[in-house]
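Quick note: the sequence shown, position 46, residue 48 per my numbering, numbers continuous. Even for Gly, the Cβ is constructed at its ideal location relative to N, Cα and C. All figures in this text were calculated on a predicted structure; none of them were measured in a lab. Beneath this line is the structure, given in structure tokens, with notes to follow.
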Amino acid sequence: MLLYELDGDVVTFTHTEVEPQAEGTGVGSALVRRALDDARASGRSVVPACPFVEAWIGRHREYSDLVQTSGPAR
Numbered sequence: 003m004l005l006y007e008l009d010g011d012v013v014t015f016t017h018t019e020v021e022p023q024a025e026g027t028g029v030g031s032a033l034v035r036r037a038l039d040d041a042r043a044s045g046r047s048v049v050p051a052c053p054f055v056e057a058w059i060g061r062h063r064e065y066s067d068l069v070q071t072s073g074p075a076r
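Now the structure itself:
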């Protein structure tokens with residue numbers, strides 16, 4: 003499960019959670035990758051308020067251009 007808030011063209015990711023038996027299997031990473039790909043395709047920027055999403059983007063710098071870097075969420 004990947005929870006988010008949508009405000010105009012800004013997606014704020016607030017929480018990521020997978021079933022305990024799925025932890026460490028890549029399910030969370032797949033959720034984040036798909037959500038970020040969707041944000042990119044829709045022309046949206048993202049705010050990684052969820053620590054998992056923030057860390058994931060840190061490890062996958064090709065998605066860092068999506069992160070809103072200035073001003074409050076619109």
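Identified DSSP bridge partners for residue i
i          : result
residue 14 : 7, 49
residue 69 : 48
Whether residue i touches residue j by CB criterion (8 Å)
i          : j          : result
residue 42 : residue 68 : yes
residue 13 : residue 20 : no
residue 18 : residue 33 : yes
Straight-line Cα distance separating residue j from residue i
i          : j          : result
residue 47 : residue 26 : 27 Å
residue 23 : residue 57 : 21 Å
residue 16 : residue 51 : 5 Å
residue 7  : residue 49 : 10 Å
residue 64 : residue 3  : 23 Å
residue 66 : residue 11 : 16 Å
residue 40 : residue 60 : 18 Å
residue 62 : residue 70 : 16 Å
Proximity to residue i [Cα-Cα], best of the options
i         : options        : result
residue 2 : 59, 45, 58, 65 : Given that the chain is displayed from residue 3 to residue 76, the structure contains no residue 2 and the question cannot be resolved.
Where residue i sits in the DSSP three-state scheme
i          : result
residue 20 : coil
residue 30 : helix
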